[in-house]
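Chains as they are written, first to last, in the working numbering: chain P, 158 to 476; chain U, 47 to 352.
Let me begin by presenting the structure, written as structure tokens, before commenting on it.
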Amino acid sequence: MSVNVLPGRQAATPTPPAVSPRQSRPGLSFQARQSVSGALFVLPFLVIVVLFLALPLGYALWLSLHSESLALGNKFTGLAQYGHVFKDPEFRAGLWRVIRFGAVQIPIMLGLALVAALALDAINTRFSRVFRLIAFMPYAVPVVIGALMWGFLYSKTFGPFAGVSHVWGGGPLNFFGGHLLLISLGNVVTWAWTGYNMIVLYSALQGLPREMYEAAVVDGASPIQIAWHVKVPAIRQAISLAAIFTVIGTMQFFNEPAILARFAPDIDAGYTPNLYAYSQAFRFGAFNYSAATSFALGLTVFVLSYAYVFVTRRRAARA
Amino acid sequence: MSTTTAADTPARHAVRRDATRSPRRAGEPGTRLAHVIMGVGMLYFAVPLIWIVIAATKSQPDLLSSPALWFGHGFDLPANLRQLFREDDGVYGRWLVNTAVYSGVSALGATTLCALAGYGLARFTFPGKRFLESALLGMIMVPGTALVLPTYLLLSHIHLVNTMWAVILPSLLSPFCTYLVRVYVSESVPVELLEAARMDRAGELRIFVQVVLPMIKPVIVTVFLFTLVATWNNYFLPLVMLSESKLYPLTVGLTTWFNTAQQEGGTRMLFNLITTGALVAIVPLIIAFLMLQRFWRSGLSSGSLK
Numbered sequence: 158m159s160v161n162v163l164p165g166r167q168a169a170t171p172t173p174p175a176v177s178p179r180q181s182r183p184g185l186s187f188q189a190r191q192s193v194s195g196a197l198f199v200l201p202f203l204v205i206v207v208l209f210l211a212l213p214l215g216y217a218l219w220l221s222l223h224s225e226s227l228a229l230g231n232k233f234t235g236l237a238q239y240g241h242v243f244k245d246p247e248f249r250a251g252l253w254r255v256i257r258f259g260a261v262q263i264p265i266m267l268g269l270a271l272v273a274a275l276a277l278d279a280i281n282t283r284f285s286r287v288f289r290l291i292a293f294m295p296y297a298v299p300v301v302i303g304a305l306m307w308g309f310l311y312s313k314t315f316g317p318f319a320g321v322s323h324v325w326g327g328g329p330l331n332f333f334g335g336h337l338l339l340i341s342l343g344n345v346v347t348w349a350w351t352g353y354n355m356i357v358l359y360s361a362l363q364g365l366p367r368e369m370y371e372a373a374v375v376d377g378a379s380p381i382q383i384a385w386h387v388k389v390p391a392i393r394q395a396i397s398l399a400a401i402f403t404v405i406g407t408m409q410f411f412n413e414p415a416i417l418a419r420f421a422p423d424i425d426a427g428y429t430p431n432l433y434a435y436s437q438a439f440r441f442g443a444f445n446y447s448a449a450t451s452f453a454l455g456l457t458v459f460v461l462s463y464a465y466v467f468v469t470r471r472r473a474a475r476a
Numbered sequence: 047m048s049t050t051t052a053a054d055t056p057a058r059h060a061v062r063r064d065a066t067r068s069p070r071r072a073g074e075p076g077t078r079l080a081h082v083i084m085g086v087g088m089l090y091f092a093v094p095l096i097w098i099v100i101a102a103t104k105s106q107p108d109l110l111s112s113p114a115l116w117f118g119h120g121f122d123l124p125a126n127l128r129q130l131f132r133e134d135d136g137v138y139g140r141w142l143v144n145t146a147v148y149s150g151v152s153a154l155g156a157t158t159l160c161a162l163a164g165y166g167l168a169r170f171t172f173p174g175k176r177f178l179e180s181a182l183l184g185m186i187m188v189p190g191t192a193l194v195l196p197t198y199l200l201l202s203h204i205h206l207v208n209t210m211w212a213v214i215l216p217s218l219l220s221p222f223c224t225y226l227v228r229v230y231v232s233e234s235v236p237v238e239l240l241e242a243a244r245m246d247r248a249g250e251l252r253i254f255v256q257v258v259l260p261m262i263k264p265v266i267v268t269v270f271l272f273t274l275v276a277t278w279n280n281y282f283l284p285l286v287m288l289s290e291s292k293l294y295p296l297t298v299g300l301t302t303w304f305n306t307a308q309q310e311g312g313t314r315m316l317f318n319l320i321t322t323g324a325l326v327a328i329v330p331l332i333i334a335f336l337m338l339q340r341f342w343r344s345g346l347s348s349g350s351l352k
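This is the structure we're talking about:
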């Protein structure tokens, strides 16, 4: 679309101004006025950042450093809450579950997204355009409703899949228990987010200059070889950024397990760290503990992802 | 990586057209493989959507007795819709309106803030800008749900919880969108153009509205859709903030219905209302995406994650 912008831009751009604006406006303050204008443009956003990001974070930190008791009110207890959180078996089980889940689901999902993006990049037909739309569609479906739909599809009464095991003579599959439960959850997430990541990676592929793999074509490399050896390395950075955002999302895992919990009694209040923080606050009124839980989780995610971006950017800058 | 500067775009597109023409010849192994991948993918992504459309045409008994992926005995979509909007004194209609209001207002507000701030960061210098730019990347990494509980506590001190503002105000925060706009502006709005407008003594706000905004339309549409979807689909925030049923958005409302249906085994609250309600909830966004396709696709590629 930025193509359309261009002709207009060229037409609208007159010959470069002979005098710079600074000279054209006598007086002290072109620079100063520009500073003020710039700051004013940013100000409304900054207000929201302070009120709904900095303040809540600061408050969560403050809460997490205090303990509440009926007799004393809030009392400063330093890092004691964090000690409890990291020793809490429920929190640890939830965290470990989410890490295991992510270690399997994220590579599968991003791998599928990458394959789909490469396929899209290879052909441009009506078929591929329809595929692109359908694959992206789940992104527009609220996660809660996606989880509900899959819940119905998995269920023995409503869904078509529980009975597939009849083919090999088994009983109906239970998607809501045992080993299948995490796989069922993973499928809901994969369904919802593969298309989105596919579009992001596809956009990166479309941005690659054609000359990049012309040489490989001349050398007689197959499309698959080119895809794997030329295109994929070239969009490494887009892939790793998609991975970060996915990791951040996975660590906050809440909606899907919260909905599937209605089908699957195995999903308890501590199934994921975020579910745990929620139930601590709203079931037990343990707000300080809940704040410490979500702050600890948020901080872990933040530090890891920021460090990752920092390192990869460094490396990219050096290369 | 994806340095889609406005300058190199036309050349690139010309090249791409060549690139896509040659492999289109059917029969090449790469092309065949790509078609197979897409065919399988299409089936996978479409099945739940096909299911929900079919399920919304079934009555409760049909839902339980007929094959899941094919139509039942009757075509009950109109009856389901009527029942959907009549149940609980028409609360579903209210949820639909709430959702539209929350997401419309939030998306409009967030887009405005992001557009202003992104432009300010891309084309001005002022004290603290450097710091703000590096902080922006950090803000993107803060997991949103970690903010919800403390925000709830803060808002409850000033008696704002359980009002529409408790959902709208926190949704105005979108550092990622500010980042997208900033990248787009620095690539597509030439400084000389702004200087020319200043020579003509246009005010800064007027330059923004009349010169800059039309040039960055794709990213504005993208950002608007992003924030619209984020609020429309949000569950955790309204779940925490709202306790009164008539303030619920669709996501929270439908899940409360679903809870009732599950608990009572579908005796009072019927599952056909849940399926029909789910279908009605996803249709508006899908239409918005289809209509605005050409905008968000280009907007996404431009900012595409440096």
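No residue lacks a Cβ here, since even glycine has one placed at the ideal position from N, Cα and C.
Please read all numbers here as calculations on a predicted model, not as lab measurements.
* Give a yes or no on whether the minimum CB-CB distance between U:A114 and chain P is below 7 Å. => Within the second sequence, numbered from 1, the residue matching residue 114 of chain U stands at position 68. Answer yes: the Cβ-Cβ gap between U:A114 and chain P drops below 7 Å somewhere.
* Cβ shell of P:G343 (< 6 Å), same chain only, five flanking positions each side left out -> As a working mapping, residue 343 of chain P is identified with position 186 in the first sequence. Once the five neighbours on either side are set aside, the close Cβ partners of P:G343 are Q262.
* Would a C-beta distance cut-off of 7 Å place U:V227 and U:G164 closer than the cut-off? -> Locating residue 227 of chain U in the second sequence gives position 181, where the first residue counts as 1. Locating residue 164 of chain U in the second sequence gives position 118, where the first residue counts as 1. Contact: yes.
* Asked: Helix or strand or just coil, what does DSSP make of U:N280?
  -> Counted from its first residue, the second sequence places residue 280 of chain U at position 234. Residue state, collapsed to three classes: coil.
* Asked: Just to confirm, are P:A415 and P:L338 a CB contact at a threshold of 7 Å?
  -> Within the first sequence, residue 415 of chain P is the residue found at index 258, counting from 1. Within the first sequence, residue 338 of chain P is the residue found at index 181, counting from 1. Contact flag unset, no.
* Is there at least one Cβ from chain U nearer than 7 Å to P:I291's Cβ? -> Here residue 291 of chain P refers to the residue found at position 134 when the first sequence is read from its first residue. For P:I291, the answer is yes, since a Cβ of chain U falls inside 7 Å of its Cβ.
* Bridge partner(s) assigned by DSSP for P:N231 -> Sequence index remark: in the first sequence, residue 231 of chain P carries index 74 (1-based). P:N231 pairs with P:E225.
* Asked: With C-beta atoms as the reference, is U:T306 less than 7 Å away from U:N126?
  -> As a working note, residue 306 of chain U is residue 260 in the second sequence. As a working note, residue 126 of chain U is residue 80 in the second sequence. No, the pair does not count as a contact, with Cβ atoms beyond the cut-off.
* Which chain U residues are close to P:G136, counting only those with a beta carbon under 7 Å from its beta carbon? -> Not covered by the structure: residue 136 of chain P. The range shown for chain P is 158 to 476.
* Quick one: using the 10 Å Cβ neighbour count with 16 as the cut-off for buried, is P:F441 buried or exposed? => Your numbering for residue 441 of chain P matches position 284 in the first sequence. Burial call: exposed.
* Please list the residues of the segment 299–333 of chain P that have a C-beta atom closer than 8 Å to any C-beta atom in chain U, keeping them in chain order. => P299, V300, V301, I302, G303, L305, M306, W307, F309, L310, T314, F315, G316, P317
* To do: Could you tell me if U:E233 is buried or exposed, where buried requires 16 or more neighbouring beta carbons within 10 angstroms of its beta carbon?
  => Residue numbering aside, residue 233 of chain U sits at position 187 when the second sequence is read from its first letter. By the neighbour-count rule (16 or more Cβ atoms within 10 Å), U:E233 is buried.
* Where the segment 201–216 of chain P meets chain U: residues whose CB sits under 8 Å from a CB there -> P201, F202, L203, I205, V206, L208, F209, L210, L212, P213, L214, Y216
* Residues in the segment 320–331 of chain U with C-beta within 8 Å of chain P's C-beta atoms, listed in sequence order? -> I320, T321, A324, A327, I328, L331
* **the segment 284–293 of chain P / the segment 366–381 of chain P touching (three or more Cβ pairs under 8 Å)** => no
* Considering U:I320, what are the terminal residues of the alpha helix (DSSP H) in which it resides? -> Indexing the second sequence from 1 puts residue 320 of chain U at position 274. Looking at the DSSP string, the run of the alpha helix (DSSP H) that includes U:I320 is 317–337.
* Beta-carbon proximity check, U:L109 vs U:F317, cutoff 7 Å -> Counting from 1 along the second sequence, the entry for residue 109 of chain U is found at position 63. Counting from 1 along the second sequence, the entry for residue 317 of chain U is found at position 271. A contact, by the Cβ cut-off of 7 Å.
* Asked: From U:I186, U:S105, U:V137, U:A161, pick the residue whose C-alpha is nearest to that of U:V265; which is it?
  -> Taking the first residue of the second sequence as 1, we reach residue 265 of chain U at position 219. Nearest option by C-alpha distance: U:A161.
* To do: Report buried or exposed for P:W350, applying the criterion of at least 16 other Cβ atoms within 10 angstroms of its Cβ.
  => For the purposes of this step, residue 350 of chain P is taken as residue 193 along the first sequence, with counting starting at 1. Under this definition P:W350 is a buried residue.
* Assuming U:L259 contacts U:W141 (C-beta within less than 8 Å), just tell me the rounded distance between them. => In the second sequence, the residue the question calls residue 259 of chain U occupies position 213. In the second sequence, the residue the question calls residue 141 of chain U occupies position 95. Not confirmed; about 33 Å, so no contact.
* Asked: Closer than 7 Å, CB to CB, is U:A57 near chain P or not?
  -> As a working note, residue 57 of chain U is residue 11 in the second sequence. For U:A57, the pLDDT reaches just 40, beneath the cut-off of 50, and the residue's location in the model is therefore unreliable, although a value from the coordinates is still provided. Not one chain P Cβ lies under 7 Å of U:A57.
* To do: Quick one: which unbroken alpha helix (DSSP H) runs of 4-plus residues sit fully inside the segment 166–252 of chain U? Chain order, please.
  => 175–187, 190–203, 211–217, 221–234, 237–245
* Asked: Looking at the structure shown, is P:F467 part of a helix, part of a strand, or coil, going by DSSP?
  -> Along the first sequence, read from residue 1 onward, the residue named residue 467 of chain P stands at position 310. It is helical.
* Asked: Grouping DSSP H, G and I as helix and E and B as strand, with all else coil, what is P:D423?
  -> As a working mapping, residue 423 of chain P is identified with position 266 in the first sequence. In the structure shown, P:D423 sits in coil (DSSP, three-state: anything other than H, G, I, E or B).
* Any C-beta of chain P under 7 Å from that of U:Y165 -> For the purposes of this step, residue 165 of chain U is identified with residue 119 of the second sequence, where counting begins at 1. Answer yes: the Cβ-Cβ gap between U:Y165 and chain P drops below 7 Å somewhere.
* With 7 Å as the threshold, decide whether the Cβ of U:M187 is near any Cβ in chain A. => No chain A appears in the structure shown, which is made up of the protein chains P and U.
* Take U:S111 and list the residues in its own chain whose beta-carbon comes closer than 8 Å to its own, dropping the five residues that flank it on each side. => As a working note, residue 111 of chain U is residue 65 in the second sequence. Within the same chain, U:S111 has close Cβ partners G118.
* Asked: Closest by CA to P:F410, which one among P:I256, P:V199, P:L222?
  -> Numbered from its first residue, the first sequence carries residue 410 of chain P at position 253. With distances taken between Cα atoms, P:F410 lies closest to P:I256.
* Could one say the Cβ of U:E250 lies closer than 7 Å to chain P's Cβ atoms, at least one of them? -> As a position in the second sequence, residue 250 of chain U is number 204, starting the count at 1. For U:E250, the answer is yes, since a Cβ of chain P falls inside 7 Å of its Cβ.
* Asked: So which of U:K292, U:L239, U:L178 has the shortest CA-CA distance to P:V204?
  -> Here residue 204 of chain P is taken as the residue at index 47 of the first sequence, counted from 1. Nearest of U:K292, U:L239, U:L178 to P:V204, Cα basis: U:L178.
* **U:A324 classed as buried or exposed, judged by whether at least 16 other C-beta atoms fall within 10 angstroms** => In the second sequence, the residue the question calls residue 324 of chain U occupies position 278. Its Cβ being crowded by 16 or more others within 10 Å, U:A324 is buried.
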